[in-house]
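*Asks:*
In mature numbering (1 follows the signal peptide of the UniProt record, and there is no 0), the protein residues as written are -34 to -1, 1 to 1057.
1. Report the residue from 746, 756 and 681 whose alpha carbon sits nearest the alpha carbon of residue 1060.
2. Using the Cβ count rule (16 or more neighbours within 10 Å means buried), how would you classify residue 841?
3. Assuming residue 961 contacts residue 886 under a Cβ cut-off of 8 Å, what Cβ separation, rounded to an integer in Å, is found between them?
4. Determine whether the beta carbon atoms of residue 409 and residue 508 lie at a separation below 9 Å.
5. Helix, strand or coil, according to DSSP, for residue 1042 in the structure here?
6. Using the three-state DSSP reduction, which class does residue 9 fall into: helix, strand or coil?
7. With DSSP as the reference, identify every bridge partner of residue 169, one or two as the case may be.
8. Between the stretch 492 to 500 and the stretch 377 to 392, do at least 3 Cβ pairs fall closer than 8 Å?
9. Just the C-alpha distance for residue 594 and residue 924, rounded to the nearest angstrom, thanks.
10. Among the candidates 13, 937 and 277, whose CA atom is the shortest distance from the CA of residue 826?
11. Could you check the C-alpha separation between residue 1048 and residue 895 for me, to the nearest Å?
12. Any chance the CB of residue 157 is under 8 Å from a heavy atom of the ligand HEM?
13. Let me know the secondary structure DSSP gives residue 508 once reduced to three states.
14. Does the distance from the C-beta atom of residue 534 to that of residue 823 stay below 9 Å?
15. Let me check understanding here. Comparing Cα to Cα, which of 934, 259, 177 and 172 lies closest to residue 247?
16. CA-CA distance, residue 56 and residue 91?
17. Is residue 140 helix, strand or coil by DSSP?
18. From this set, 375, 255 and 781, which residue's C-alpha is nearest residue 727's C-alpha?
19. Got a sec, what are the start and stop residues for the alpha helix (DSSP H) residue 745 sits in?
20. Where are the beta strand (DSSP E) runs, 3 residues long or more, that stay fully inside the stretch 15 to 49, in chain order?
21. May I have the straight-line CA-CA distance separating residue 723 from residue 665, to the nearest angstrom?
22. Taking one C-beta from the stretch 104 to 123 and one from the stretch 37 to 51 each time, how about it: are there three or more such pairs within less than 8 Å?
23. Under 9 Å between the Cβ atoms of residue 170 and residue 133?
24. Determine, using beta carbons only, whether residue 878 and residue 821 come nearer to each other than 9 Å.
25. Assuming residue 596 and residue 565 form a contact by the criterion Cβ under 8 Å, report the distance between their Cβ atoms to the nearest whole angstrom.
26. Using 10 angstroms around the beta-carbon of residue 997, count the other beta-carbons present and answer buried if the total reaches 16, otherwise exposed.
27. Rank 599, 679, 605 and 633 by C-alpha distance to the C-alpha of residue 644 and give the top, closest one.
28. So for residue 323, helix, strand or coil by DSSP?
29. In the DSSP assignment, find the beta strand (DSSP E) that holds residue 718 and state where it starts and stops.
30. Going residue by residue through the stretch 527 to 566, where are the continuous beta strand (DSSP E) segments of at least 3 residues, counting only ones entirely within it?
31. For residue 1140 and residue 414, what's the separation of their Cα atoms in angstroms?
32. With a 10 Å radius around its C-beta and 16 neighbouring C-beta atoms as the bar for buried, classify residue 254 as buried or exposed.
33. Just the C-alpha distance for residue 164 and residue 377, rounded to the nearest angstrom, thanks.
34. State the Cα-Cα distance for the pair residue 705 and residue 525, rounded to the nearest angstrom.
35. What separation, rounded to the nearest whole angstrom, lies between the Cα atoms of residue 658 and residue 1002?
36. Throw me the rounded Cβ distance for the residue 295 and residue 362 pair, which I believe falls under 8 Å.
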């Protein structure tokens, strides 16, 4: 279940308060008003009371974390069962919380409390079907004052509550007879009882016992004088007032058989551990009869405190004939306890698997901790021995277990009578820990003769055997550990790496099983070899443990070292004036294409405008009206084309628009009121009419969007629900976490990818001239389970199309998918899962936000995800992490105008330190297209080839990042062309743009110059054609688009960003005109025949 669904959704304070005032008038409630502190608490008796509002002082306690409260004092005149409740019809859809205290105002004790135990469900969205009212029943004693405090844990709204009294018979617990060890006579079972999980009998005799020290206590009626009687008892501890907990009970565990009528024993006996000073209530009930009898309390030392000291060697157990204790490891009645304290750290073996024990059956448990406190079960074993019985069966029921022990720690070894009480021998064998005996290794090839040493059980490995090596790098390095060597072909290896102390705690830092690539050539083509790359710190010891998870055979492995090169460094700066409630947006808010920092609080927008010198000027604006706050996400874009960006605030109740006033000097709020459990929100021109629309992922219902009418008036649609709505995620259970709008198929239409969690697979919605089709299955990204809250989309291999990294925010690993787009046909090519060896297959961190940016300006998109690291692109669809200190996710943009991307998290900015690489930043101003050029494709061409970016308003899960396109070009010193493909179809081309600059491009300002030329620069063949036409350029000029017309002049086909072929299989037979537009603006015309 998605835990976010438990977020409480509140009605407005105005709506609830108004409703309560009307109901108060109708029902004529008592005109008594609470006081604002415990000292001034209003005395009340049974009845109904009105809380007009919560504005008094509260106390901090285990019961309440509210800051305000209204106080009442209730002193019953007799013993009562009291119910305090706001679960009343006049409070429907309200949300209340109260605490009850006993004691004095100077020394209050939390007695009880309640939040949501009411049953009246709300009938209004967004809380429909939920009850957040309070109700609690408790026992109150005559003359004791109870303070009732209603607090503002959820709101300060008024409401009514009732206090109801009912007759109360004190628990027999109050009148229990105090006893000590010895024999006690029960004359008859003739007292009252209480119903518990241990007993539902009507009558009982109650006793109270308080041990003076820890004991192993036996309660028994299994005495000769009780022969043929039938007894039952339960033992409790706790408070007569606040509740009793059943500790143990017994019915028929006695041994003395009846000698009249039957031979059963219906007497009771039970042994258990008791703690000094704790009150235990012993209740003998009439379940088996009300006759009197005798019982005994026998105090014995705890088996732990009387454990027999033991050292390494062979020890003889004469018989299992002493007391035991019930634990998670053992429930046996009898045991023999031993205490072992190692003088140093050992890999310890405890075993009864000895020849002299053949055919015996043993079981042991090991504990550590305090005999007078808490014992923890360390390990246990039943049947791990190997010596087979030679009489009656061939099983081995002997025990053997190896584990690590720490010097100076006492371990209690308890052999119990789970299967037998017979005597036997056992051995304690001390061996060096595999860690302390690890073999030193350095970089190079090491031969493992066999996996024949001891191992330890960890979160990385539970194998029984291992071979341990100790590696200490001389400096910080990238290290690869690999058995993926030719001489190991067809072998199967597994290793784990640890750091820490052999005498303390070892931490698993890495492991690998099957990441090798050398395929077996015998029996199968799998590679079961191991390979892992990770960063190490100079001077730290790394323990490499190869284990026998799959095989104990020998093999070779190699340690390879390489230098760590930090692609880009960051410095931190705290700006204290960034102090809004939500600081999750970086966007240009005044039209100068410099990234500003946007903060949102209730009724306040605070923008830190970036100045040309990299400093900031903060300005605050009051935004009146009711607004949802962006608790889940935020987006920015120019809805009304006034040159100033507006904001989209996504909450768990719905969304709010904050729109500029046309001059950027004020903003108005518009909250449509439609219920949406918002996740990722976006601005995007869904219908490509030149006006930005709004989209929101819905967590628990189908997705929603708002269409802009051109005047920033927004019309609501819900996919699959609203008539005429587009199908943009119609699963009724929702699970939609992050939408990212991008043109994955290079057809000029913006498509949408949705990251999913809590059940359904991710979705890819292809846009074909405004018609959206879910192609998730065909695209190969519809897999389950998936636990992604967002995905990074970008051209990670610089081949001209968008790839996808599905992020990890749970137990399922991230997956990297390469786009296999082929524009020469109309087939939906599946993405290829290239996770293996990419660095993402072994990426163990998880996060909500994943975004793709070129952080080091080397010309290749990197990915920021989790774990205080950036996964830097290695130029081959693989990524390596660089770990930074406290590099938390945040809004991304160039916040000091130096061409490198910075990260803003609350009031801390991590400024990237320029590393010498060159860059280009491009800001767009749309005219025919939307004002921000959102969904425009921006391309640059140079010696490296081609890079692409899409302009997006909302990516990742939560944050709003810069609307500028950012390119790094590494050490290149020139860019040949900058191409902008606008959503309207307009193409702007800028030749030789200046590097290390920020360019602002207005749509149509640099139109592609189209020169009508002859057809000799391009050759098309075959002609006539059947399925495809090949296009060959004599100058190797890139083709921007191809258009095909019939002889009437009607366009019948258009393809953009093609390679060298155009599919014509869908055309009817006939003669056609083909127009070819190349990157240089030359337009070529050819006639061809479709056969």
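Ideal placement from N, C-alpha and C gives every residue a C-beta, glycine not left out.
*Replies:* Taking the coordinates as given:
1. Summary: the structure shown does not reach residue 1060, with the chain confined to residues -34 through 1057, and so no result is reported for it.
2. Residue mapping note: residue 841 aligns to position 875 of the chain shown, counting from 1. Around the beta carbon of residue 841, fewer than 16 other beta carbons lie within 10 angstroms, which makes this residue exposed.
3. If you number the chain shown from 1, residue 961 lands on position 995. If you number the chain shown from 1, residue 886 lands on position 920. That belief holds up - the Cβ atoms of residue 961 and residue 886 are roughly 6 Å apart, short of 8 Å.
4. By one-based count along the chain shown, residue 409 stands at place 443. By one-based count along the chain shown, residue 508 stands at place 542. In this structure, residue 508 does not lie closer than 9 Å to residue 409 by Cβ.
5. Translated into the one-based positions of the chain shown, residue 1042 becomes position 1076. Three-state result, residue 1042: strand.
6. For the purposes of this step, residue 9 is identified with residue 43 of the chain shown, where counting begins at 1. In the three-state reduction of the DSSP assignment, residue 9 falls in the strand class, which pools E and B.
7. Walking along the chain shown from the start, residue 169 turns up at place 203. Residue 169 is bridged to 158.
8. Using a Cβ-Cβ distance cut-off of 8 Å, the stretch 492 to 500 and the stretch 377 to 392 are not in contact, since fewer than three pairs of beta carbons, one from each stretch, lie closer than that value.
9. Numbered from 1 along the chain shown, position 628 holds the residue referred to as residue 594. Numbered from 1 along the chain shown, position 958 holds the residue referred to as residue 924. When rounded, the distance between both Cα atoms is 15 Å.
10. Mapped onto the chain shown, residue 826 falls at position 860. That would be 937, whose Cα lies nearest to the Cα of residue 826.
11. Start at 1 with the first residue of the chain shown, and residue 1048 comes out as number 1082. Start at 1 with the first residue of the chain shown, and residue 895 comes out as number 929. About 24 Å.
12. Annotation note on the ligand HEM: not contained in the displayed structure, which lists no ligands.
13. Counted from its first residue, the chain shown places residue 508 at position 542. Residue 508 falls in the strand class under three-state DSSP.
14. In the chain shown, residue 534 corresponds to position 568, counting from 1. In the chain shown, residue 823 corresponds to position 857, counting from 1. Against a cut-off of 9 Å, the Cβ pair of residue 823 and residue 534 comes out as a contact.
15. Locating residue 247 in the chain shown gives position 281, counting from the first residue. Taking each of 934, 259, 177 and 172 in turn and checking the Cα distance to residue 247, the smallest one comes out for 172.
16. For the purposes of this step, residue 56 is taken as the residue at position 90 of the chain shown. For the purposes of this step, residue 91 is taken as the residue at position 125 of the chain shown. Whole-angstrom Cα-Cα distance: 17 Å.
17. For the purposes of this step, residue 140 is taken as residue 174 along the chain shown, with counting starting at 1. Reduced to three states, the DSSP call for residue 140 is helix.
18. For the purposes of this step, residue 727 is taken as the residue at position 761 of the chain shown. Among 375, 255 and 781, the Cα nearest to that of residue 727 is on 781.
19. By one-based count along the chain shown, residue 745 stands at place 779. From DSSP, the alpha helix (DSSP H) with residue 745 extends over 742 to 745.
20. As far as the stretch 15 to 49 is concerned, its whole beta strand (DSSP E) runs of at least 3 residues are 34 to 40.
21. Your numbering for residue 723 matches position 757 in the chain shown. Your numbering for residue 665 matches position 699 in the chain shown. Computed Cα separation, rounded: 9 Å.
22. Yes: at least three Cβ pairs fall under 8 Å.
23. Within the chain shown, the letter at position 204 stands for residue 170. Within the chain shown, the letter at position 167 stands for residue 133. Contact: no.
24. On the chain shown, position 912 is the one that residue 878 refers to. On the chain shown, position 855 is the one that residue 821 refers to. Result yes, Cβ atoms of residue 878 and residue 821 sit closer than 9 Å.
25. The sequence position of residue 596 within the chain shown is 630, counting from 1. The sequence position of residue 565 within the chain shown is 599, counting from 1. Contact between residue 596 and residue 565 fails: their C-beta atoms lie close to 10 Å from each other, not under 8 Å.
26. Looking up residue 997 in the chain shown gives position 1031. Residue 997 is buried by the Cβ-count criterion.
27. The sequence position of residue 644 within the chain shown is 678, counting from 1. Selected option, being the one with the closest Cα: 599.
28. Position 357 of the chain shown, counting from 1, holds the residue named residue 323. Helix at residue 323.
29. The count along the chain shown starts at 1 and reaches residue 718 at position 752. From DSSP, the beta strand (DSSP E) with residue 718 extends over 717 to 722.
30. Within the stretch 527 to 566, the complete beta strand (DSSP E) runs of at least 3 residues are 535 to 540 and 548 to 553.
31. Coverage of the chain is limited to positions -34 through 1057, which leaves residue 1140 absent and any answer about it impossible.
32. On the chain shown, residue 254 is found 288 positions in, with the first residue counted as 1. With 16 or more Cβ atoms within 10 Å of its Cβ, residue 254 is classed as buried.
33. The sequence position of residue 164 within the chain shown is 198, counting from 1. The sequence position of residue 377 within the chain shown is 411, counting from 1. Distance between the alpha carbons of residue 164 and residue 377: 33 Å.
34. Along the chain shown, one-based indexing puts residue 705 at 739. Along the chain shown, one-based indexing puts residue 525 at 559. Taking the straight line from one Cα to the other gives about 42 Å.
35. The residue you call residue 658 lines up with position 692 of the chain shown. The residue you call residue 1002 lines up with position 1036 of the chain shown. Separation of residue 658 and residue 1002 (C-alpha to C-alpha, rounded to the nearest whole angstrom) is 38 Å.
36. Here the question's residue 295 lines up with position 329 in the chain shown. Here the question's residue 362 lines up with position 396 in the chain shown. Going by Cβ atoms, the distance from residue 295 to residue 362 rounds to 21 Å, so no, they are not a contact pair.
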